[in-house]
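Only one structure is covered here, and it is reproduced in the block below.
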Amino acid sequence: MKTKKIIALMLSLAMVLGVAACTEQPAAEESATGAASDVAETTAAESADVEETESTEATQDATVDASAFNELAIADVADEDDEVVVYGFNEEVKGLIESYSDISVRYEQQTSDTIQQVLDNVLASGEDAPDLFACDADYARKYMNSNNTLPINDLGIAYSELTEMYNYTLQFATDDDNIIKGLAWQACPCGVFYNRTVAQNTLGVSEPDEVAPFFESWDAFLETARTVAETDGCAIISSTGDIFRSILNSRSQGWIVDGEVYIDPIMEDYFDLAKTLHDEGLTHETSQWGDAWVADMSNETVLSYWGPMWLARFSMALDPSANDVPNATSGDWGIVAAPGDFYWGGTWLMASKYCNSKASVAQIMRDICIDTANLETMAQNGEFVNNISIMTEIGNDDSFALEWLGGQNPIPVLLDAATQIDNSIITENDQAINDALDVVVQSYINGDIASVADAEDAFVAAVQDAGIV
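See below:
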């Protein structure tokens, strides 16, 4: 999404919410239990067919069907320059290249806050533009769906090399012509990471098979939240945002349908579920990535954090091998399935239109994203890699266990989520729209907007005023 659209969206929200704050607040529109029931029923109705599908068929559905994408002629490539320039937003890609590829690169590290501005500038001018760059899921489609990136076929990579990848990672990497522009080495299916000590203290159980029923539906989640809150100072989640993606990924339609803003019924129900959590004091009212949210990861007052392996390994610092100062509660966590399958994040590698080292860039992509031996090593270290066979084998390996998860093998839980993910409804504008929705939801649960209907009107108006539709 272009920066001016994001700014316009936020300004529009500020004006709309300012008006909404002056509206008289009516009584609650429905009961707390009803809010969770509506979410559960919507999710159940949309996933009924999935639940009846055999696991082998689900795995097959996740496998890449090359005919589903438009493949161009496979180029015969060579390097035209001795130097390979790579841009990234953290040290991860640099480390992967150093560990798994023999290609020497000049790595230009940006930050998550500056990478887009830097890329936009160098891709517009061509001056010191990268041959290869990495993008987070939040903004990757902005570049894949532009003429600033090359199809992987132009690098000599054929779709037949990608058949082990999870289909959603390639759905995400296409442009409007359904041509694949980027590759990811990881898949990011999510689960519910829970603290075993908090579970024992609040629920009376601590093992994954005992804890799983407490999260098996949104009704169960809400009742669990109330039970956890009975223990002074404890909450089921730190931030309402922790459950947002699980609900968001349960939609049957995207944000824009036939040129108009569309609010899926499950997102309507989310307004009331979020308000119930707020009104009954069932969360710690923190903001994701804020200091209080991070502190709750280790103070044993929050039962669960929701996300993929990277969240647990790095953000929660549960993996001692990946953190200089690991979380003091490492080893005291487990994982169970979320009420709705979802994914969060991921990093995609793309070649810029200025790439003068196509052979080397293609080799880096193969080394990190395709090479089976390299991906196997990553997986053994706790990465959920973008290879169906590798992850299925590990998921079926009774001897595979992560000590920082209390000796549990998390892959069986995550495999189920990975095979169900479909992000074909995601567009390059989704992150900005999601951020706008979060602003409106927060205003609603804080009482600044009178009703769900008013909140939805404010949200739609903001998206329209920003020129997204």
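Residue numbers for the sequence shown follow my numbering, beginning at 1212 and rising by one. Think of the CB as a built atom: it goes at the ideal place given N, C-alpha and C, for glycine as much as any other residue. These figures come from a predicted structure and were not determined experimentally.
Handout entry: Bridge partners - Val-1513, DSSP secondary structure assignment
Key = Numbered from its first residue, the sequence shown carries residue 1513 at position 302. Ala-1446.
Problem - Whether Phe-1206 touches Asn-1389 by CB criterion (8 Å) - result: This structure gives no information on residue 1206, because the portion of the chain shown stretches from 1212 to 1680.
Handout entry: Cys-1346 (DSSP reduced to helix, strand or coil)
Key = One-based indexing of the sequence shown puts residue 1346 at position 135. Three-state DSSP puts Cys-1346 in a strand.
Problem - Residue range of the alpha helix (DSSP H) that includes Met-1478 - result: The sequence position of residue 1478 within the sequence shown is 267, counting from 1. 1476-1490 is the extent of the alpha helix (DSSP H) around Met-1478.
Practice task
Give the secondary structure of Val-1416 by DSSP, where H, G and I count as helix, E and B as strand, and everything else as coil.
Solution key: Here the question's residue 1416 lines up with position 205 in the sequence shown. Reduced to three states, the DSSP call for Val-1416 is coil.
Handout entry: Cβ pair Trp-1555, Cys-1399 closer than 8 Å
Key = Within the sequence shown, residue 1555 is the residue found at index 344, counting from 1. Within the sequence shown, residue 1399 is the residue found at index 188, counting from 1. Contact flag set, yes.
Problem - the region 1536-1548 / the region 1604-1622 touching (three or more Cβ pairs under 8 Å) - result: yes
Problem - Reduced DSSP secondary structure (H/G/I, E/B, other) of Ser-1357 - result: Residue mapping note: residue 1357 aligns to position 146 of the sequence shown, counting from 1. Three-state result, Ser-1357: coil.
Exercise for the section: Could you check how far apart the C-beta atoms of Gly-1492 and Ala-1440 are, in whole angstroms? I think they sit under 8 Å. Expected result: As a working note, residue 1492 is residue 281 in the sequence shown. As a working note, residue 1440 is residue 229 in the sequence shown. The Cβ separation is near 7 Å, so the contact holds.
Practice task
Determine the direct distance from the alpha carbon of Val-1416 to that of Ala-1647, and round the result to whole angstroms.
Solution key: The residue given as residue 1647 occupies position 436 in the sequence shown. The residue given as residue 1416 occupies position 205 in the sequence shown. Going by the C-alpha atoms only, they are around 38 Å apart.
Problem - Cβ pair count under 8 Å reaching 3, the region 1367-1387 against the region 1427-1443 - result: no
Exercise for the section: Would you list the one or two residues that DSSP bridges to Pro-1362? Expected result: In the sequence shown, the residue the question calls residue 1362 occupies position 151. Looking at the DSSP assignment, Pro-1362 forms no beta bridge with any residue, so it has no partner.
Handout entry: 8 Å Cβ cutoff met for Cys-1401 and Gly-1518
Key = The residue labelled residue 1401 in the question sits at position 190 within the sequence shown. The residue labelled residue 1518 in the question sits at position 307 within the sequence shown. In contact: Cys-1401 and Gly-1518 (Cβ atoms closer than 8 Å).
Practice task
Return the first residue and the last residue of the alpha helix (DSSP H) that Ala-1562 is part of.
Solution key: Residue numbering aside, residue 1562 sits at position 351 when the sequence shown is read from its first letter. Per DSSP, Ala-1562 belongs to no alpha helix (DSSP H); it is in the beta strand (DSSP E), 1558-1562.
Problem - Inter-residue Cα distance where the pair is Leu-1334 and Glu-1319 - result: The residue labelled residue 1334 in the question sits at position 123 within the sequence shown. The residue labelled residue 1319 in the question sits at position 108 within the sequence shown. For Leu-1334 and Glu-1319, the distance between alpha carbons rounds to 14 Å.
Handout entry: DSSP beta-bridge partners of Val-1468
Key = By one-based count along the sequence shown, residue 1468 stands at place 257. Answer is Glu-1471.
Practice task
Express the C-alpha separation of Ser-1610 and Gln-1642 in angstroms, rounding to a whole number.
Solution key: The residue you call residue 1642 lines up with position 431 of the sequence shown. The residue you call residue 1610 lines up with position 399 of the sequence shown. Between Gln-1642 and Ser-1610, the C-alpha separation is close to 39 Å.
Problem - Whole-angstrom C-beta distance between Asp-1290 and Ser-1568, which should lie under 8 Å - result: For this step, residue 1568 is matched to residue 357 along the sequence shown. For this step, residue 1290 is matched to residue 79 along the sequence shown. Between Asp-1290 and Ser-1568 the Cβ distance is about 4 Å, and since that is below 8 Å, they are a contact.
Exercise for the section: Could you check what DSSP says for Gly-1551 in three-state terms: helix, strand or coil? Expected result: Position 340 of the sequence shown, counted from the first residue, corresponds to residue 1551. In this structure, Gly-1551 counts as coil in the three-state DSSP scheme.
Handout entry: Which listed residue (Gly-1470, Ala-1628 and Ala-1410) has its alpha carbon closest to that of Ala-1446
Key = Taking the first residue of the sequence shown as position 1, residue 1446 is located at position 235. The option with the nearest alpha carbon to Ala-1446 is Ala-1410.
Handout entry: 8 Å contact criterion, which Leu-1529 and Ala-1523 should meet: CB distance rounded
Key = On the sequence shown, position 318 is the one that residue 1529 refers to. On the sequence shown, position 312 is the one that residue 1523 refers to. That pair is a contact at about 5 Å.
Handout entry: Cβ-Cβ distance between Ile-1601 and Ala-1584 below 8 Å
Key = The sequence position of residue 1601 within the sequence shown is 390, counting from 1. The sequence position of residue 1584 within the sequence shown is 373, counting from 1. Not in contact: Ile-1601 and Ala-1584 (Cβ atoms no closer than 8 Å).
Practice task
Taking 8 Å as the cut-off, decide whether the C-beta atoms of Val-1422 and Ala-1549 are in contact.
Solution key: Numbered from its first residue, the sequence shown carries residue 1422 at position 211. Numbered from its first residue, the sequence shown carries residue 1549 at position 338. Their beta carbons are not under 8 Å apart, which means Val-1422 does not touch Ala-1549 by this criterion.
Practice task
Please say whether Ile-1581 and Gly-1606 have beta carbons closer to each other than 8 Å?
Solution key: For the purposes of this step, residue 1606 is identified with residue 395 of the sequence shown, where counting begins at 1. For the purposes of this step, residue 1581 is identified with residue 370 of the sequence shown, where counting begins at 1. No, they are not a contact pair.
Problem - Member of Phe-1525, Asp-1339 and Ala-1506 whose CA lies at the smallest distance from the CA of Gly-1593 - result: Here residue 1593 is taken as the residue at index 382 of the sequence shown, counted from 1. Ranking the options by Cα distance to Gly-1593, first place goes to Phe-1525.
Exercise for the section: List the whole-angstrom C-beta distance separating Ala-1485 from Asp-1552, where the pair is believed to meet the contact cut-off of C-beta under 8 Å. Expected result: Along the sequence shown, read from residue 1 onward, the residue named residue 1485 stands at position 274. Along the sequence shown, read from residue 1 onward, the residue named residue 1552 stands at position 341. Not really, about 20 Å apart at Cβ, beyond 8 Å.
Problem - Span of the alpha helix (DSSP H), counted from its first residue to its last, around Gly-1606 - result: Counting from 1 along the sequence shown, the entry for residue 1606 is found at position 395. Start and end: 1599-1606.
Problem - 8 Å CB neighbourhood of Glu-1604 in its chain, flanking five on each side removed - result: Residue numbering aside, residue 1604 sits at position 393 when the sequence shown is read from its first letter. Closer than 8 Å at the Cβ level, and outside the excluded window around Glu-1604, lies no residue.
Problem - Beta-carbon gap between Glu-1282 and Tyr-1354 smaller than 8 Å - result: As a first step, residue 1282 is located in the sequence shown; it is residue number 71 there, counting from the start. As a first step, residue 1354 is located in the sequence shown; it is residue number 143 there, counting from the start. Taking 8 Å as the Cβ cut-off, Glu-1282 and Tyr-1354 do not qualify as a contacting pair.
Problem - Closest by C-alpha distance to Ile-1599, when choosing among Gly-1470, Asn-1364, Gln-1397 and Val-1505 - result: As a first step, residue 1599 must be located in the sequence shown, where it is residue number 388. That would be Gln-1397, whose Cα lies nearest to the Cα of Ile-1599.
Practice task
For the alpha helix (DSSP H) containing Tyr-1379, list its first residue and its last residue.
Solution key: For the purposes of this step, residue 1379 is identified with residue 168 of the sequence shown, where counting begins at 1. Element bounds for Tyr-1379: 1378-1382.
Handout entry: Enclosing alpha helix (DSSP H) for Phe-1455 [first to last residue]
Key = Numbered from its first residue, the sequence shown carries residue 1455 at position 244. First-last of the alpha helix (DSSP H) with Phe-1455: 1455-1459.
Practice task
Under the assumption that Arg-1287 contacts Gly-1367 (Cβ atoms under 8 Å), give the Cβ distance between them as a whole number of angstroms.
Solution key: Stepping through the sequence shown from its first residue, residue 1287 is reached at position 76. Stepping through the sequence shown from its first residue, residue 1367 is reached at position 156. A small fix is needed here, since residue 1287 is Asp in this sequence, not Arg. Indeed, because the Cβ distance is near 7 Å, the residues count as touching under 8 Å.
Practice task
Could you check what DSSP says for Tyr-1318 in three-state terms: helix, strand or coil?
Solution key: Taking the sequence shown and counting its residues from 1, the one referred to as residue 1318 is at position 107. Strand.
Exercise for the section: Please work out which residues of its chain come closer than 7 Å, Cβ to Cβ, to Met-1474, disregarding the five sequence neighbours upstream and downstream, and give them in chain order. Expected result: Mapped onto the sequence shown, residue 1474 falls at position 263. The sequence shown places Ile at residue 1474, not Met. Only Glu-1667 meet the Cβ criterion.
Practice task
Compute the distance between the beta-carbons of Phe-1383 and Ile-1637, then report whether it is under 8 Å.
Solution key: Taking the first residue of the sequence shown as position 1, residue 1383 is located at position 172. Taking the first residue of the sequence shown as position 1, residue 1637 is located at position 426. Yes; because the gap between Cβ atoms is below 8 Å, this pair is in contact.
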